[in-house]
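In the UniProt record's numbering, the protein residues as written are 1 to 285.
All residues carry an ideal CB built from backbone N, CA and C; glycine is no exception.
Quick caveat: nothing in here was measured; it's all calculated off a predicted structure.
Beneath this line is the structure, given in structure tokens, with notes to follow.
What follows is the structure in structure tokens.
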């Protein structure tokens, strides 16, 4: 079962004094590219979270965010009362003014406010990490559902290529006979005497150069292997990409060897379907 690299997950935790929102967004990327945004108090947990994301999400461009919204009186900033009073007294010696105006000026001076460094509460962090795992489960579910859509599209396009290949196989004897007739007609138009046996030998050699039997067999095997990999337990976009490249190689060779316009038209259609498959494979985990 394949998974898409595109996904979204969200979880909200309501604590007594704050509301914490966790969001995960992902897009396609060759490797894991994690961008984390969180309040400084949780930064010491970033390495742990990166390991968790790498294990659970594997690959993709991941935007991970923790937003904190205060819902009650809870501040780590306190007024340094003795210092503010000294500032006000000094200001009185310099300027005349009412207490309120002097206070507004005093609180802007250095050390007027003390900010205490918050420490992570272990119980609070356990709840946050639990919600992070909920968000991860949500994004994985999203990825799975997107993967089902991609899988259906891949199977449809592989079926189209397989059908076009069958038409190529059916058309091949007609193509070979057409090549034979064109060569024979060309020689006859020269109105020169020639050795029939030697001509047949050269004709067989020439036609063998345009034989596509191996390419037809290999392409059919690649199509079957693609579906087999698609139905496997693991999501492996890179492996599917490699199989897609091999499919393209065989289709291109058939096109270059065909030397027959109706067959080349089928090859163009196969290439078109394969390009659409390759484009979508970029989104597969």
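- Residue 37 has 65 as its beta-bridge partners, per DSSP.
- Annotation for residue 258: 264 place their beta carbon closer than 6 Å to its own, counting only its chain and skipping 5 residues before and after.
- Exclusion of the five residues before and after residue 229 leaves 236, 239, 240 and 243 as the residues of its chain whose Cβ lies within less than 8 Å of its Cβ.
- Within its own chain, the residues whose Cβ lies closer than 7 Å to the Cβ of residue 3, once the five positions on either side in sequence are excluded, are 143, 144, 147, 235 and 285, listed in chain order.
- For residue 57, the enclosing alpha helix (DSSP H) covers residues 46-57.
- Boundaries of the beta strand (DSSP E) harbouring residue 12: 7-14, taken from the DSSP string.
- Bridge partners of residue 253 according to DSSP: none are assigned.
- Bridge partners of residue 60 according to DSSP: 32.
- With 16 or more other Cβ atoms from the protein chains shown falling within 10 Å of its own Cβ, residue 266 counts as buried.
- For residue 71, there is no enclosing beta strand (DSSP E), since its DSSP letter is neither H nor E.
- Our two residues, residue 40 and residue 122, have alpha carbons roughly 16 Å apart in a direct line.
- If you draw a straight line from the Cα of residue 98 to the Cα of residue 78, it comes to about 23 Å.
- Going by DSSP, residue 103 is part of the alpha helix (DSSP H) stretching over 99-106.
- Counting the other Cβ atoms within 10 Å of the Cβ of residue 283 gives 16 or more, which makes it buried.
- C-alpha of residue 163 to C-alpha of residue 254: approximately 15 Å in a straight line.
- Cβ-Cβ distances below 8 Å link residue 44 to 120 in the same chain, with the five nearest sequence neighbours on each side left out; the list follows chain order.
- Linking residue 32 to residue 17 through their CA atoms gives a straight-line distance of about 34 Å.
- For the pair residue 128 and residue 62, the CB atoms are not nearer than the 8 Å cut-off.
- Within the UniProt domain "Endoribonuclease YicC-like C-terminal" (171-284), the complete alpha helix (DSSP H) runs of at least 4 residues fall at 196-209, 213-230, 237-258 and 261-281.
- When the beta-carbon positions are compared, residue 47 and residue 26 stay at least 8 Å from each other.
- Beta-bridge pairing by DSSP links residue 23 to 10 and 65.
- When secondary structure is reduced to three states using DSSP, residue 2 falls in the coil class, being assigned neither helix nor strand.
- For residue 95, no alpha helix (DSSP H) encloses it, and the DSSP letter there is neither H nor E.
- DSSP places residue 79 in the strand class (E or B) of the three-state scheme.
- Each residue's CA atom was taken as its position, placing residue 269 and residue 222 some 17 Å apart.
- Relative to the Cα of residue 248, the nearest Cα in the group 166, 203, 176 and 161 belongs to 161.
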